[in-house]
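In what follows, a structure is listed as structure tokens, so that the remarks can point back to it.
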Amino acid sequence: MRPAHELLTRSANLRPVDVVDELLANNARFADGLPVRHVDVRPRRRLAVVTCMDSRLDVFAALGLGDGEAHIMRNAGGVITDDMIRSLAISQRRLGTREVMLIQHTDCGMQTITDDGFRAELQDATGVAPAFAIESFTDVDANVRQSILRVRRSDFLLHREAVRGFVYDVDTHRLREVAAPIT
Ligand code: ZN
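Under my numbering, read the sequence shown as residues 79 to 261, first letter to last.
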């Protein structure tokens, strides 16, 4: 597989700076079409959604959410990591959220790598092994259940029981709940 930067330079008109310039123009039009208004920093539905950075998952559209309704936290895989716990702790303790909705998905990029392989790639490229866990996975249901358990077991969170996990099918756009009985 070619490195990403090589792919970018090989594709016409896809230099990153061009993309950002286009988005800035989009933003100017977006702002022009909206009234100036202030929405409360605390999410109205008292909900935090943790999901993957995948480009095919439009969280607001898929869940029917609007501005000001929920926190949306994303990383590679939609995995509960220490940094997600940091965000959830702030979300619950300072900004009033009480429920967590975890959404991982089919055809995730994290299923295409292994922890050992990607760790070795980073170490070979830089001479330094990363301190963070890679968090690759093969079984998405098992991975959702693991993230649910990490929420339930984190003492940093105030609301640990109101957590539900789902798999989003990127082809059908439907959510399927993953059962995670309390043991
Ligand atoms: Zn993903």
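From the three backbone atoms N, C-alpha and C, an ideal C-beta is built for every residue, glycine too.
Quick caveat: nothing in here was measured; it's all calculated off a predicted structure.
Should Met188 be listed as close to the ligand ZN, given that the test is whether its C-beta is under 7 Å from any heavy atom? yes
Which first and last residues belong to the beta strand (DSSP E) in which Glu255 is found? Leu253 to Val256
For Gly155, is the beta carbon positioned less than 7 Å from some heavy atom of the ligand ZN? yes
Check for me: the beta strand (DSSP E) holding Ala139 runs from which residue to which? Not the beta strand (DSSP E): Ala139 falls in the alpha helix (DSSP H), residues Val137 to Leu141.
Per DSSP, what kind of secondary structure is Phe210 in: helix, strand or coil? coil
Among Asp202, Arg230, Ile181 and Gly187, which has the Cα closest to the Cα of Asp219? Ile181
Do you know how far the Cα of Ser232 is from the Cα of Arg238? 7 Å
Is it the case that the CB of Asp136 approaches a heavy atom of the ligand SAH more closely than 7 Å? No copy of the ligand SAH appears in this structure; the ligands present are the ligand ZN.
Does the stretch 175-189 come close enough to the stretch 116-124 that 3 or more CB-CB pairs lie under 8 Å? yes
Own chain partners of Asp249 with C-beta closer than 6 Å, once the 5 adjacent residues on each side are dropped: none
Counting only runs that start and end within the stretch 106-151, where is the alpha helix (DSSP H) found for 4 or more residues in a row? 137-141
From Pro113 to Gly142, what distance separates their C-alpha atoms? 21 Å
Would Val157 be called buried (16 or more neighbouring beta carbons within 10 Å of its own) or exposed? buried
Status (buried if at least 16 other CB within 10 Å, exposed otherwise) for Ile226: buried
Can you tell me whether Phe108 is buried or exposed, with buried defined as 16 or more other CB within 10 angstroms of its CB? exposed
List the residues that DSSP assigns as beta-bridge partners of Asn153. Cys130
Let me know the secondary structure DSSP gives Gly174 once reduced to three states. coil
Buried or exposed by the 16-neighbour rule on C-beta atoms within 10 Å, applied to Gly275: No answer is possible for residue 275: the residues shown for the chain start at 79 and end at 261.
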